[in-house]
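The C-terminal position of the sequence shown is numbered 103 in UniProt numbering, with every residue numbered one higher than the one before it. Note that beta-carbon positions come from the ideal geometry of N, C-alpha and C, so glycine has one too. Computed from a prediction, not measured in an experiment: that's the story for all the values here. Worksheet: the structure to be examined is printed underneath.
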Amino acid sequence: MGYFIITDSNWAKLRNEILSLAETCHKAFGERSRHTDWLHNGDVCRLLNISKRTLQHYRDTGVLPFAQIGHKCYYKREDVERLLQTKSEKLKQLNLRITHKTR
Numbered sequence: 001m002g003y004f005i006i007t008d009s010n011w012a013k014l015r016n017e018i019l020s021l022a023e024t025c026h027k028a029f030g031e032r033s034r035h036t037d038w039l040h041n042g043d044v045c046r047l048l049n050i051s052k053r054t055l056q057h058y059r060d061t062g063v064l065p066f067a068q069i070g071h072k073c074y075y076k077r078e079d080v081e082r083l084l085q086t087k088s089e090k091l092k093q094l095n096l097r098i099t100h101k102t103r
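Here it is as C-alpha cells:
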C-alpha cells in the first residue's frame, strides 16, 4: 500500500468537496419516505456523480441492484443511499490514513 502527502490547501479543497457532496445528498434525499422511490439512470448518475458507463459497470458487477422494465433500468432510492454511505465511509477511512501520515 502506498502513501502520499497532501498539502494543507489540497486538504481544505478535498474537505470542502466532501462537505458539498454531503449537503447535496441531504438535499436530494431529505427525509426517508414510507414508500419505495425508484430512480432512473440519469438521477442515479447525477446523485453519485458517475458516468453512464460506470453505472452500467455497477449493474454488471452487482454493486447496485436494479429492476428493468423494457429498456429502462430503475434503482431503489434506498440502494443508492446505501452505496453513497459505503463510499462515504471509505472516504473517511482514507482521510484518517492521510491525516495520520501527515502528522
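Within the DSSP secondary-structure output, A67 pairs in a beta bridge with Y74. Beta-bridge pairing by DSSP links H26 to no other residue.
Per the Cβ contact rule, the stretch 22-29 is not in contact with the stretch 51-65 (fewer than 3 Cβ pairs under 8 Å). When N41, N49, K13 are compared, the shortest CA-CA separation from R59 is found for N41. Exposure of R15 is indicated by the presence of fewer than 16 other C-beta atoms within 10 angstroms of its C-beta.
Spatial neighbours of A67 in its own chain (CB-CB distance under 6 Å, excluding positions within 5 residues in sequence) are listed in chain order as Y74. L94 has no beta-bridge partner at all, per DSSP.
Taking the Cα of R77 as reference, the smallest distance to any Cα among L48, G70, I98 is reached at L48.
Within the model, the alpha-carbon separation for I50 versus N95 is close to 21 Å. Counting of Cβ neighbours within 10 angstroms places L19 among the exposed residues, the total staying below 16.
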